[in-house]
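**Q** One structure, pasted below without further comment.
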Amino acid sequence: MLQKHKYIQVRGVPASGKTTLARLLHRHILEVETDPFVVYLEVWRRQDTTVSELWRDWLSKHGFRFQAGSILIVDEAQTSYYEQGFWLTLKNINDSCPFLVITFASHGSAGQNLEHTISPFRIRQEQNVSLLRRDFGDGVSIGLFLSRREFNSLISRSGNYDVFDATFLDYIYDVTNGHVGACCDVLRAVQKHPSFHSIGNSGNRYSYKTFTTRISTDELMENLRGLTLFVRGLPFQHELQEPDIAMVFQKVLENGSIVVWQPSEDPSLQECFHEGWLHNEPVGRSDGPVAYTFATPLHRRYVQWMLLNIPDI
-4 MLQKHKYIQV RGVPASGKTT LARLLHRHIL EVETDPFVVY LEVWRRQDTT
46 VSELWRDWLS KHGFRFQAGS ILIVDEAQTS YYEQGFWLTL KNINDSCPFL
96 VITFASHGSA GQNLEHTISP FRIRQEQNVS LLRRDFGDGV SIGLFLSRRE
146 FNSLISRSGN YDVFDATFLD YIYDVTNGHV GACCDVLRAV QKHPSFHSIG
196 NSGNRYSYKT FTTRISTDEL MENLRGLTLF VRGLPFQHEL QEPDIAMVFQ
246 KVLENGSIVV WQPSEDPSLQ ECFHEGWLHN EPVGRSDGPV AYTFATPLHR
296 RYVQWMLLNI PDI
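Reading the sequence shown from the start, the letters are residues -4 to 308 in the working numbering.
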């Protein structure tokens, strides 16, 4: 896919596996390619350093000069959106370019113009890897969400595959959509609960029925709030107390999504998107409207629970 299109954007909410995928790709290239020339940037330079050094010079110091046969991997690419020259260079990449670039970002264009560029830069859908898995024409579904096989492998590697029965694992996969951070934190939250230990001591498997009858919504959400992965893509309570932010979430909860043609017309919606609290996908064509929604049913439930626990909302 990267060899074909020369530039690929990978985009998804926090804790959805972007950095892990970027590192795996880097390692794969080093191990598989003959005489690989790959540069992996964990993050772009801070904007306050741009006065003293041109972006090309900074990138050159890291070893990438758009050489023939070279590959650039940029993680946390949303930190580079201010760098107009860099993105205008990516805009000119075509199928005959001798170098490859792949960016990983927590928010981006969803097929719309990338922010802050001087002239339009539309990323084609076939260049955009997102949360949802889809076939790009080679018979292989690609996306940040775990496939069911990958989810089962994750559970197996955790050493607890035989502790849970199929009904509970089906629920976890469905409520998280295969969002890796959510999967891991729900399992951690359950394993911290007394009901998990009592079932384990009895020799039985932990089931969906046990989960729904022994753990209340308040207990689950409080446990999730105390963990580190899932909540990275969710607002704090004080942020939900902002009326405009709360209104955005209430609309999404009521309607399932917010569909707009010009996202910039709603600053609060854009804030929710840029913070990673909402995800977006194009509706139909890449140059059409964009739908903003929760990444998973669990994200939706968490925000709904938070709003219900805020006075006067």
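From the three backbone atoms N, C-alpha and C, an ideal C-beta is built for every residue, glycine too.
Excluding the five sequence neighbours on either side, which residues of its own chain have a C-beta within less than 7 Å of the C-beta of M301, listed in chain order?
**A** Counting only Cβ-Cβ distances below 7 Å, and skipping sequence neighbours, we find Q232 and L235.
**Q** Going by other Cβ atoms of all chains shown within 10 Å of its Cβ, with 16 needed for buried, is K345 buried or exposed?
**A** The question about residue 345 has no answer here: the residues shown for the chain are numbered -4 through 308.
**Q** Using 7 Å as the threshold, is the C-beta distance between L95 and K1 below it?
**A** Yes, Cβ-Cβ distance for L95 and K1 is below 7 Å.
**Q** Examine the Cβ distances between the region 252 to 271 and the region 196 to 205 and report whether three or more of them are shorter than 8 Å.
**A** The region 252 to 271, when compared against the region 196 to 205, does not touch it at the 8 Å Cβ threshold.
**Q** Would you mind giving the Cβ-Cβ distance between F99 and A17, rounded to the nearest angstrom? I have them listed as a contact below 8 Å.
**A** The Cβ separation is near 5 Å, so the contact holds.
**Q** With a threshold of 16 other CB atoms inside 10 Å of the CB of Q73, please say whether the residue is buried or exposed.
**A** Buried, since its Cβ has 16 or more Cβ neighbours within 10 Å.
**Q** For the alpha helix (DSSP H) that R313 lies in, which residues bound it at each end?
**A** Given that the chain is displayed from residue -4 to residue 308, the structure contains no residue 313 and the question cannot be resolved.
**Q** Buried or exposed: where does V38 fall if 16 or more other Cβ atoms within 10 Å of its Cβ makes it buried?
**A** It counts as exposed.
**Q** Any idea what DSSP makes of I3, helix, strand or coil?
**A** Here I3 sits in strand by DSSP.
**Q** Tell me the rounded alpha-carbon separation between D213 and W256.
**A** Taking the straight line joining both Cα atoms gives about 37 Å.
**Q** Using the beta-carbon count (16 or more within 10 Å), is G271 buried or exposed?
**A** It is buried - the Cβ of G271 has at least 16 other Cβ atoms within 10 Å.
**Q** Which whole-angstrom value is the C-beta distance of Y35 and H21, which I expect to be below 8 Å?
**A** Sure, about 4 Å apart at Cβ, within 8 Å.
**Q** Counting Cβ pairs closer than 8 Å, one from the region 126 to 141 and one from the region 242 to 255, do we hit at least three?
**A** As far as the Cβ criterion goes, the region 126 to 141 does not touch the region 242 to 255, which means the pair count is below three.
**Q** Quick one: which unbroken alpha helix (DSSP H) runs of 4-plus residues sit fully inside the region 48 to 133? Chain order, please.
**A** Fully enclosed alpha helix (DSSP H) runs of 4 or longer: 50 to 56 and 79 to 86.
**Q** In the DSSP assignment, the beta strand (DSSP E) including K288 goes from what residue to what residue?
**A** Per the sequence shown, the amino acid found at residue 288 is Thr instead of Lys. Its beta strand (DSSP E) spans residues V285 to T288.
**Q** Figure out for me which residue from F191, L222, L224 and G221 has the closest Cα to the Cα of T208.
**A** Ranking F191, L222, L224 and G221 by Cα distance to T208 puts F191 first.
**Q** Under three-state DSSP, which class holds E37?
**A** Coil, per DSSP.
**Q** Relative to the alpha-carbon of V5, which residue among G279, R295 and H274 has its alpha-carbon at the smallest distance?
**A** Here the closest residue by C-alpha is H274.
**Q** Verify whether the separation of the beta carbon atoms of E71 and W50 is less than 7 Å.
**A** The answer is no: Cβ separation not under 7 Å.
**Q** At what residues does the alpha helix (DSSP H) containing P262 begin and finish?
**A** Segment P262 to H269, the alpha helix (DSSP H) holding P262.
**Q** Tell me which same chain residues have a C-beta within less than 7 Å of the C-beta of L303, skipping the five on either side of it?
**A** Result list for L303: empty, nothing under 7 Å.
**Q** In its own chain, which residues sit with a C-beta less than 8 Å from the C-beta of L25, not counting the 5 before and 5 after it?
**A** Taken in chain order, the residues that qualify are P31 and V33.
**Q** Do T291 and N218 come within 7 Å of each other at the CB atom, strictly closer than that value?
**A** Their beta carbons are not under 7 Å apart, which means N218 does not touch T291 by this criterion.
**Q** Using the Cβ count rule (16 or more neighbours within 10 Å means buried), how would you classify T205?
**A** Flag for T205 reads buried.
**Q** For F159, which three-state DSSP category applies?
**A** Three-state DSSP puts F159 in a strand.
**Q** Find the nearest neighbour of Q299 within the set G279, A241, Y287 and P277, judged by alpha-carbon distance.
**A** That would be A241, whose Cα lies nearest to the Cα of Q299.
**Q** Just checking, does the region 219 to 231 make contact with the region 174 to 181 on the three C-beta pairs under 8 Å criterion?
**A** A contact exists between the region 219 to 231 and the region 174 to 181.
**Q** Please go through the same chain and pick out, in chain order, the residues whose beta-carbon is closer than 7 Å to the beta-carbon of R183, but skip the five residues on each side of it.
**A** L222.
**Q** For the beta strand (DSSP E) that P9 lies in, which residues bound it at each end?
**A** It is not in any beta strand (DSSP E) - P9 carries neither H nor E in the DSSP assignment.
**Q** Since I believe S75 is in contact with V175 (beta carbons under 8 Å), could you give me their beta-carbon distance rounded to a whole number of angstroms?
**A** Incorrect: roughly 24 Å between the Cβ atoms, too far for contact.
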